[in-house]
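A quick write-up on the structure given underneath.
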Amino acid sequence: MITQLLTMTAQMIIAAHILKLKINYGLIIKIILFFPISLGIVWISKYYISNWIIAMGASIVTSLIIAFAMRIFSVSKIWEIVKSSQHDENNGTKPQISEI
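Printed below as a string of structure tokens:
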């Protein structure tokens, strides 16, 4: 699990550098924190709920809730990153219609 977490973090940072985006470490920390939480909930539901159908249903619902929460928290941040990278490419100016 720790290896997956470190690999995921490295992939996000490398992708940000390749795409020449400003790295939002707060967003990366949120994603890193949600990952073990979702795995922990799946593990707890798998070993402490005797009926495997209920356990799988609970883990799917939990994963969907966490994914939805991450989307709510991070869509605005991702949009800000994309907008700021567009401004940087155009020397701080908004893109013109002819450039799009």
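If you're matching positions, the sequence shown starts at 512 in the working numbering and goes up one per residue.
Even for Gly, the Cβ is constructed at its ideal location relative to N, Cα and C.
Remember, predicted model here, so these are calculated numbers, not experimental data.
Check the Cα spacing between Gly537 and each of Lys531, Gly568 and Ile524: the tightest is with Ile524. With respect to Ile543, Thr520 sits close: the two C-beta atoms are nearer than 7 Å. Comparing C-alpha distances from Leu575 to each of Gln522, Ile564 and Phe545 shows the shortest one belongs to Phe545.
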